[in-house]
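Novice: According to the working numbering, the sequence shown is numbered sequentially starting from 111. Note that beta-carbon positions come from the ideal geometry of N, C-alpha and C, so glycine has one too. Predicted model, so just to flag it, every value in this text is computed and none were measured. Take this structure, written in structure tokens, and hold onto it; I'll ask about it next.
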Amino acid sequence: FNGNPLSAAAGVAALQIVDEADVCNQANRYGSKLRQAINEVLADEGLPWAVYGEFSGFNLFTNPKGYEIYPMDFDSKIIHPVEIVQNDSNLMMLIRLGMLINGIDLTPRFSDWVSAVHGDEELQATAAAFQNMIGMLKRESGILI
């Protein structure tokens, strides 16, 4: 659609909305709240995992080597960049399935971005789904986490 007037007009309109509505900062604030909420669940559950990210992004680190970390003050820069993305694929599949069962669809890596349309309702639903999923893993999977 390169050069198509309709596509160009839609692009201009979208950029005006992004400029005037402060949607990038809204998404970034929500991303920070989401990382905080999930890390609170991890801390409450006593799991040495963490959710980290910048701006509107989030990533789950399941700490496969068992480092001594605390989710509420985790600094992703202390883990080698290659290692921080190397979560156990079987565990990540169970996490994704647990989130789906609880109504939240995420990427298989538990790594994604949020948008300005996400709000308090989605935040509460995601944190609750994460809490329920952790409980399911502890009760049902036979995985000791």
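Look at the alpha carbon of S117 and the alpha carbon of K248, and state the distance between them as a whole number of angstroms.
Specialist: As a position in the sequence shown, residue 117 is number 7, starting the count at 1. As a position in the sequence shown, residue 248 is number 138, starting the count at 1. Distance between the alpha carbons of S117 and K248 is about 49 Å.
Novice: Reducing DSSP to helix, strand and coil, say where N173 ends up.
Specialist: Stepping through the sequence shown from its first residue, residue 173 is reached at position 63. In the structure shown, N173 sits in coil (DSSP, three-state: anything other than H, G, I, E or B).
Novice: Since N149 contacts M182 with CB under 8 Å, what's their CB separation in whole angstroms?
Specialist: The residue given as residue 149 occupies position 39 in the sequence shown. The residue given as residue 182 occupies position 72 in the sequence shown. Their Cβ separation, rounded to whole angstroms, is 6 Å, which keeps N149 and M182 in contact under 8 Å.
Novice: Is there contact between the segment 169-177 and the segment 211-224, where contact requires at least three CB pairs shorter than 8 Å?
Specialist: Touching, per the Cβ criterion.
Novice: For I211, which of H190, V133, F240 has the nearest alpha-carbon?
Specialist: The residue you call residue 211 lines up with position 101 of the sequence shown. The option with the nearest alpha carbon to I211 is F240.
Novice: In three-state terms, what does DSSP make of D222?
Specialist: Sequence index remark: in the sequence shown, residue 222 carries index 112 (1-based). In this structure, D222 counts as strand in the three-state DSSP scheme.
Novice: I'd like to check one pair, V161 with A226: are the Cβ atoms closer than 7 Å?
Specialist: Numbered from its first residue, the sequence shown carries residue 226 at position 116. Numbered from its first residue, the sequence shown carries residue 161 at position 51. Contact flag unset, no.
Novice: With distances taken between CB atoms, is the gap from T236 to I214 smaller than 7 Å?
Specialist: To locate residue 236, count along the sequence shown from 1; it is residue 126. To locate residue 214, count along the sequence shown from 1; it is residue 104. Yes, the pair counts as a contact, with Cβ atoms nearer than the cut-off.
Novice: Counting contacts by CB-CB distance shorter than 7 Å, is R139 in contact with chain B?
Specialist: Here chain B cannot be found, since the structure has a single protein chain.
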